[in-house]
Every structure is written in C-alpha cells, then in structure tokens.
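Undergrad: Residue numbers (this note's numbering): 708 to 969. We put the beta carbon where it would ideally sit given N, CA and C, even for glycine. Values in this document were obtained by computation on a predicted structure and should not be read as measured data. Have a look at this one.
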C-alpha cells in the first residue's frame with residue numbers, strides 16, 4: 708500500500724487576502740493619494756454648501772457684522788462660508804434675495820488691505836481696478852455718486868448700469884420691469900440683455916474700522932436707475948453704525964460679576 712505524504716499540505720498556512728485592492732497597486736500610489744484627496748475635498752465642499760444655505764447660521768453670522776432683529780418675510784440669505792478664502796481681500800460675504808423681485812443685495816466684509824481703495828472709489832464715484840474688472844466687460848454707463856442718510860449717518864454711494872441708456876429703459880416703471888413675473892415672460896434677445904444690471908454700492912463701514920463693509924444693491928434687467936430711497940427702505944431693519952454685541956470677558960485678575968459662572 709502506497710504511503711500518503713500529508714506533511715507538506717498540512718503544514719501550509721492559508722494565504723492571507725491582501726488588504727490593498729489590486730487596482731490600487733495598478734494605478735500607483737499617486738493615483739490612490741489623488742482619490743483620497745478628492746474624497747476629502749468633496750466632503751469639505753458638501754459640508755460648506757450645507758452651511759452656505761443654513762439660513763439660521765448665516766443670519767447669526769451677518770448679525771455679528773451688521774446688527775438687526777430679523778429680516779422681512781420673503782428675504783432669503785446665502786453665505787459664502789469657507790469659499791470666501793478663495794476671494795482675495797474678502798473676509799466674508801452674504802447674498803440676500805427678495806422674493807417676487809428681480810433684486811439681490813450683496814453685503815461684503817473686506818479686509819483692511821482691500822477696503823481703502825474700494826471705499827475711496829465709492830466716495831469719489833470712480834471705479835477701482837477690481838470693480839472695473841468685474842463690470843468693465845459689460846460696460847459702465849450712467850455712473851453717479853452721492854450720500855444718503857440712514858439713522859443719522861451719512862453713507863457714501865455710487866451707482867451705475869451695465870447697459871447703454873435708452874428712452875425705454877429710463878421710462879420703464881419699477882413695477883413693470885423689476886418683478887419676476889416680467890422676467891419669466893420676457894426672453895432676452897442677447898447676452899448683453901441677459902446680464903443687464905442696475906447697481907448701487909453703499910459704504911456701510913463704521914467709523915474707526917480698519918476694514919470695510921460694503922452693500923451692493925443690484926436689480927437685474929433694464930429699467931430706471933436704483934434710487935437712494937430703495938436702499939434706505941432695504942436698510943430699515945438694520946442698525947447702521949451700531950457695534951455688534953459681544954460677550955464681555957472679565958479682565959485678568961478680575962472676579963466674575965455676581966451670578967456669572969467661573
């Protein structure tokens with residue numbers, strides 16, 4: 708009877724499965740690293756987009772810069788969140804859209820390095836390089852500047868439009884040209900018509916601040932110029948010039964006030 712050799716088969720340990728997929732080795736470490744980075748970036752973008760559209764969060768962040776109790780019904784706010792880091796000279800920004808109107812308002816907080824030139828441009832009525840780059844390709848027409856008074860403060864403003872003035876655009880009533888109903892019914896005949904805007908920029912910066920806070924009141928489509936009274940009405944809920952409330956911290960060596968926890 709022939710002998711059976713069980714030694715070699717019995718002594719062999721089962722092969723372990725590789726923890727790294729074969730495709731990962733095939734595309735190389737660089738490819739795997741790129742996929743990991745892409746996954747992290749996707750997660751960050753998704754989180755940031757969620758925060759941008761978090762109305763409660765954005766209202767609180769705007770309130771910390773420009774105090775107000777609440778916004779009127781129909782106002783929708785969107786923030787820029789971490790994306791602000793990709794815009795040179797901008798520390799934070801918010802866009803407020805008003806339901807039923809072809810209108811949006813941008814409130815931007817500028818760093819000291821960028822605020823001075825922009826504020827000078829608004830006060831003088833001459834666009835700086837950054838604003839000219841933003842709107843210059845569309846055309847700058849009918850520019851004007853002045854001051855409006857809100858809550859006892861005089862605020863410099865500058866306005867312009869991105870289309871050539873015509874008798875029709877200057878005589879159109881706001882009720883006929885500045886509503887979404889009109890926008891839905893009218894089809895722009897060209898790209899220039901589609902991006903036609905009437906803009907007013909207002910300097911909201913508080914006295915003594917190193918940076919800048921600028922409001923951009925922007926109506927879409929052709930029509931009469933933006934009037935200071937429109938901006939004054941929009942700013943009614945805001946406390947212009949009031950310092951945002953901040954939690955008071957006890958000074959070094961100072962005991963907390965009665966009722967405060969250590």
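1) Once DSSP output is grouped into helix, strand and coil, what is the label at residue 788?
2) Looking at C-beta atoms only, is the number of pairs between the segment 816-824 and the segment 914-922 that lie closer than 8 Å three or more?
3) Over what stretch of residues does the alpha helix (DSSP H) that includes residue 935 continue unbroken?
4) Which whole-angstrom value is the C-beta distance of residue 938 and residue 855, which I expect to be below 8 Å?
5) Quick one, which of 827, 857, 793 and 808 has its alpha-carbon nearest residue 936's?
6) Given that a residue counts as buried once 16 or more other Cβ atoms are within 10 Å of its Cβ, and exposed if not, what is residue 860?
7) Pull up the DSSP beta-bridge partners for residue 925, would you.
8) In this structure, does DSSP put residue 919 in helix, strand or coil?
9) Helix or strand or just coil, what does DSSP make of residue 862?
10) Start and end of the beta strand (DSSP E) containing residue 805?
11) Leaving out the 5 sequence neighbours to the left and right, which residues in its chain are closer than 7 Å to residue 949 when beta-carbon positions are compared?
12) Quick one: grab the DSSP three-state call for residue 944.
13) Secondary structure at residue 781, three-state DSSP: helix, strand or coil?
14) Please classify residue 851: is it buried, with 16 or more other beta-carbons within 10 angstroms of its beta-carbon, or exposed?
TA: Taking the structure as given:
1) On the chain shown, residue 788 is found 81 positions in, with the first residue counted as 1. Here residue 788 sits in helix by DSSP.
2) yes
3) Taking the chain shown and counting its residues from 1, one reaches residue 935 at position 228. 935-941 is the span of the alpha helix (DSSP H), which, as asked, contains residue 935.
4) Numbered from 1 along the chain shown, position 231 holds the residue referred to as residue 938. Numbered from 1 along the chain shown, position 148 holds the residue referred to as residue 855. About 6 Å; that satisfies the 8 Å criterion.
5) On the chain shown, residue 936 is found 229 positions in, with the first residue counted as 1. It is 857.
6) Position 153 of the chain shown, counted from the first residue, corresponds to residue 860. With fewer than 16 other Cβ atoms within 10 Å, it is exposed.
7) Taking the chain shown and counting its residues from 1, the one referred to as residue 925 is at position 218. DSSP, once it has assigned bridges, lists 811 and 906 as partnering residue 925.
8) Taking the chain shown and counting its residues from 1, one reaches residue 919 at position 212. The answer is strand: DSSP assigns residue 919 an E or B state.
9) As a working note, residue 862 is residue 155 in the chain shown. Of the three classes helix, strand and coil, the one that applies to residue 862 here is strand, per DSSP.
10) In the chain shown, residue 805 corresponds to position 98, counting from 1. Per DSSP, residue 805 belongs to the beta strand (DSSP E) from 797-805.
11) For the purposes of this step, residue 949 is taken as residue 242 along the chain shown, with counting starting at 1. Cβ within range, chain order: 774.
12) Taking the chain shown and counting its residues from 1, the one referred to as residue 944 is at position 237. It is coil, neither helix nor strand.
13) Residue mapping note: residue 781 aligns to position 74 of the chain shown, counting from 1. Three-state result, residue 781: coil.
14) Along the chain shown, one-based indexing puts residue 851 at 144. Its Cβ having fewer than 16 others within 10 Å, residue 851 is exposed.
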